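> Take this structure first; my questions come after.
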Amino acid sequence: MAGQGSLSAIRPSHRSKWRAAVLIGVHLAIAAHITHFALAGRTVSPVEPSESMYTLELGYVNAGFVFFAVALLATLVFGRFFCGWGCHIVALQDLCGWLMKRAGIRPRPFRSRLLLWIPLLVALYMFVWPTFKRVALIPLLAPTWPEAARWLGPVAAFPGFSNHFVTTGFWDTFPGPVFAILTFVTCGFAAVYFLGAKGFCTYGCPYGGFFGVLDQLSPGSIVVDDRCEQCGHCTATCTSNVLVHEEVRLFGKVVDPGCMKCMDCVSVCPNSALSFGWAKPSWFTKKKHVKRAVRYDLSRIEEWSLLGVFVFAVFAFRGLYDGPPLLMTLGLAGITAFVALKAVHLLRRDTVRLQHLDLKLGGRLGLSGKVLLAVSVLWLAFAVHSAFVQAHRIAGRHFLERTQATRADVLSGEFRNRWYPEEHHAAVEHSFGHFRSAARWGLVRVREIELGLAWGHLLRDEADAAVGRIRNVLEDHPDASGLRAELFQVFLARGRIDEAIDLQRDRVSHGEVQPAERLSFALLLARAGRTNDAIAAYRETLDDGVDVLELRYNLGGLLRRSGRHEEAIPHLIAATGFAPTDPDAWIELGLSLRAVGRFDEAIQHFETAIALAPDSAESREHLPRLIEDAKRQRD
15 MAGQGSLSAI RPSHRSKWRA AVLIGVHLAI AAHITHFALA GRTVSPVEPS ESMYTLELGY
75 VNAGFVFFAV ALLATLVFGR FFCGWGCHIV ALQDLCGWLM KRAGIRPRPF RSRLLLWIPL
135 LVALYMFVWP TFKRVALIPL LAPTWPEAAR WLGPVAAFPG FSNHFVTTGF WDTFPGPVFA
195 ILTFVTCGFA AVYFLGAKGF CTYGCPYGGF FGVLDQLSPG SIVVDDRCEQ CGHCTATCTS
255 NVLVHEEVRL FGKVVDPGCM KCMDCVSVCP NSALSFGWAK PSWFTKKKHV KRAVRYDLSR
315 IEEWSLLGVF VFAVFAFRGL YDGPPLLMTL GLAGITAFVA LKAVHLLRRD TVRLQHLDLK
375 LGGRLGLSGK VLLAVSVLWL AFAVHSAFVQ AHRIAGRHFL ERTQATRADV LSGEFRNRWY
435 PEEHHAAVEH SFGHFRSAAR WGLVRVREIE LGLAWGHLLR DEADAAVGRI RNVLEDHPDA
495 SGLRAELFQV FLARGRIDEA IDLQRDRVSH GEVQPAERLS FALLLARAGR TNDAIAAYRE
555 TLDDGVDVLE LRYNLGGLLR RSGRHEEAIP HLIAATGFAP TDPDAWIELG LSLRAVGRFD
615 EAIQHFETAI ALAPDSAESR EHLPRLIEDA KRQRD
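Residue numbering for the sequence shown follows our numbering, starting at 15 and increasing by one per position.
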């Protein structure tokens, strides 16, 4: 039993109202942050602990890094306060738990030994592993075990720290709205229902992995005095699944790293025996050989099996169909492990409960048990199918990275003129086969898989099929400007000029083309015989502030050859200003001046051209006739 007192007399926690007000204030601050970005177009970078990864890997010092560092230091002093009083995911779980209680559902905590380590392991993977790999592991393996170093992948040199406190891409590092909503549902209602009031915090939150460790080193704790009567009110009230009454009886304080210092236990204690105070850090409190109540729900075989299912589910769902972000993946993995466990219990045990539901009594499945078993089988089948697709996608990526043709050679088609070893060709076929299987068995179209197939088609010299795959991706991701640029190169290199022009015109309309590319586009239009379109492209480039020799000379020449000499002359004059020693510019200008009857000026320009290039046959051919035309005009 929870304690020795009457649980019916538990008084409501006054701290819960204060905590709710603080968490509401946190969300109002988040709303204000988003509003400022919507109005100003730029704002302080997201105040999210995950932003610290960009600081550690790319040197981007941002608001998220500073916030996370301050929160970690505060936890080291005061204990795990931030989780209870400042985390929006905790607020979401508390809201979900409150709504469930209003509906008559009181989520029972799920207790596992091994899954408790997941948050810390994920935190190390997110925040420590990249730096450790770059600074220590790759330099150590490169000379001693190069194959392992290549398998771990190339690691870019650390670029140094830079200021990224202000951003114009507020949403760049967040999932889209669909997966954001699914993340909240998974880490909120689903995690609370299956795993308990703080289920996601306990088994999924990587930030909590660090907070839990630092809490053990903190002198700030929930402590008890001799007025405690072991009534159990504190444990019944705790939403962090901590056995408070047992902890204070054995240790004189709460040592469980899951304690989030929400202070509800302090508020409901009928004797005011609990308080926040200073004590020896829990890390140094002797816990061995202390007889405690049974705290876990599973045997060791079940624990290891559960961990295996969790890891399998992370592999199956991480980035599945360009989707689940890490937090959602961890939530799904925990729920999948729990569902698999319940399915096994339904098949092997006579009595099985889930929260308020009797799934199986006396060896007979109830309706809820049949429904859960059916849903569990379908969900686990989906997880297996997802893992199959993911395995092919990862294998396709693995072999694609082992092809040896450069990106520039593939886009330009030059790879067809080069020799590659047999390993390259084998990697091409393996990669293509795995990506093809992933596409065939996948439930939705995935960008990476489609692009992997497109690259495979290009390497197999199947341009039409590659273009189809790339167009599929552009249909799903119309903002993929870089992909349109590469498709333009594919069209151009393979002589598909009309398609290249249409695509480039679309890129120009979206503002994706740089000045140098716009000049190339205008030249392409001219070579394709689309003179008026080329002239318009040159004029648009000039209007955008680009004024160079190539532009003026080509535009003036096009206008001259189109008979629009008066329009051509200013541009050709500008061209001679850019290149006064270029005889071709003087010849073009002279021809336009001759066409409008300005013979004397034309003669001067041809004479300049001859002076610059005495062997110019064109200048010497035109000059005598031009002198005759000038003489007739004077007569």
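Quick reminder that beta carbons are idealized off the backbone N, C-alpha and C, glycines included.
Quick caveat, the model's predicted, so the values are computed rather than measured.
May I ask which residues mark the beginning and end of the beta strand (DSSP E) holding residue 290?
Residues 288-292.
> Sort 313, 316, 259 and 294 by Cα distance to residue 288 and report the nearest one.
That would be 259, whose Cα lies nearest to the Cα of residue 288.
> Would you check if the region 237-245 and the region 44-64 touch, i.e. whether three or more CB-CB distances between them fall below 8 Å?
Touching, no.
> How many Å lie between residue 75 and residue 176 at the Cα?
Each residue's Cα considered, the two are about 6 Å apart.
> Tell me, please, whether the region 422-434 touches the region 452-466 by the rule of three or more beta-carbon pairs shorter than 8 Å.
No, they do not touch.
> Go ahead and label residue 139 buried or exposed: buried means 16 or more other beta carbons lie within 10 angstroms of its beta carbon, across all protein chains shown.
Under this definition residue 139 is an exposed residue.
> Since residue 139 sits in a beta bridge, which residues does DSSP pair it with?
According to DSSP, which records beta bridges pairwise, residue 139 is partnered with nothing at all.
> According to the Cβ coordinates, are residue 344 and residue 214 closer than 9 Å?
The answer is yes: Cβ separation under 9 Å.
> Any idea what DSSP makes of residue 624, helix, strand or coil?
Residue state, collapsed to three classes: helix.
> Smallest Cα separation from residue 210: which of 246, 154 and 122?
Of 246, 154 and 122, the residue nearest in Cα terms is 122.
> Could you name the residues of the same chain whose beta carbon sits closer than 7 Å to that of residue 548, not counting the 5 residues immediately before and after it, in chain order?
Counting only Cβ-Cβ distances below 7 Å, and skipping sequence neighbours, we find 536, 539, 540 and 572.
> Which residue's Cα is closest to the Cα of residue 388: 373, 400 and 402?
Residue 373 is the option with its Cα nearest to residue 388.
> Rounding to the nearest angstrom, what Cα-Cα distance links residue 40 and residue 161 in this structure?
Residue 40 and residue 161: Cα-Cα distance of roughly 48 Å.
> Roughly how many whole angstroms lie between the Cα atoms of residue 326 and residue 347?
For residue 326 and residue 347, the distance between alpha carbons rounds to 8 Å.
> Check residue 234 in the structure and name its three-state DSSP category.
Residue 234 falls in the strand class under three-state DSSP.
> Nearest by alpha-carbon distance to residue 231: which of 163, 391, 270 and 405 is it?
When each option's Cα is compared against that of residue 231, the closest is 270.
> Going by other Cβ atoms of all chains shown within 10 Å of its Cβ, with 16 needed for buried, is residue 212 buried or exposed?
It is buried - the Cβ of residue 212 has at least 16 other Cβ atoms within 10 Å.
> Which whole-angstrom value describes the C-beta separation of residue 604 and residue 616, a residue pair presumed to lie in contact below a C-beta threshold of 8 Å?
Confirmed, about 4 Å.
> By the DSSP assignment, the beta strand (DSSP E) with residue 367 in it spans what residues?
Taken as a continuous stretch (DSSP letters only), the beta strand (DSSP E) holding residue 367 covers 366-368.
> Going straight from the alpha carbon of residue 90 to that of residue 233, what length do you get?
Each residue's alpha carbon lies about 8 Å from the other.
> At which residues does the alpha helix (DSSP H) containing residue 31 begin and terminate?
29-54 is the extent of the alpha helix (DSSP H) around residue 31.
> For a test of the three-state rule: what should DSSP assign to residue 374, helix, strand or coil?
DSSP places residue 374 in strand when its eight states are reduced to three.
> If you reduce the DSSP assignment to three classes, tell me which class residue 310 lands in.
Reduced to three states, the DSSP call for residue 310 is coil.
> Note down, one range per segment and in chain order, each alpha helix (DSSP H) of at least 4 residues found wholly within the region 142-222.
Counting only runs of 4 or more, we get 143-146, 152-158, 160-166, 191-199, 205-209 and 213-217.
> Roughly how far, in whole angstroms, is the beta-carbon of residue 417 from the beta-carbon of residue 441, given that I think they are within contact range, below 8 Å?
Their Cβ separation, rounded to whole angstroms, is 5 Å, which keeps residue 417 and residue 441 in contact under 8 Å.
> DSSP on residue 57, reduced to helix/strand/coil?
Correct three-state label for residue 57: strand.
> Write down the C-beta distance between residue 97 and residue 104 rounded to the nearest angstrom, noting that I regard them as a contact closer than 8 Å.
Right, their Cβ atoms sit about 6 Å apart.
> Use the C-beta contact count for residue 558: other C-beta atoms within 10 angstroms, 16 or more gives buried, fewer gives exposed.
Classification of residue 558: exposed, given that the 10 Å Cβ count is below 16.
> The alpha helix (DSSP H) that contains residue 99, what's its start and end?
From DSSP, the alpha helix (DSSP H) with residue 99 extends over 95-100.
> According to DSSP, is residue 300 part of a helix, a strand, or is it coil?
Residue 300: coil per DSSP, three-state reduction.
> Would you identify the three-state DSSP class for residue 556, choosing helix, strand or coil?
Helix, per DSSP.
> Residue 280 to residue 130, Cα distance in whole Å?
Cα to Cα, residue 280 sits roughly 25 Å from residue 130.
> Let me check understanding here. Comparing Cα to Cα, which of 221, 594 and 504 lies closest to residue 477?
Among 221, 594 and 504, the Cα nearest to that of residue 477 is on 504.
> How do the region 597-613 and the region 560-579 stand: do at least 3 beta-carbon pairs fall below 8 Å, yes or no?
As far as the Cβ criterion goes, the region 597-613 touches the region 560-579, which means the pair count is three or higher.
> Assuming residue 351 contacts residue 386 under a Cβ cut-off of 8 Å, what Cβ separation, rounded to an integer in Å, is found between them?
That pair is no contact at about 15 Å.
> Would you tell me roughly how many angstroms separate the C-alpha atoms of residue 467 and residue 398, rounded to the nearest one?
One C-alpha to the other measures close to 23 Å.
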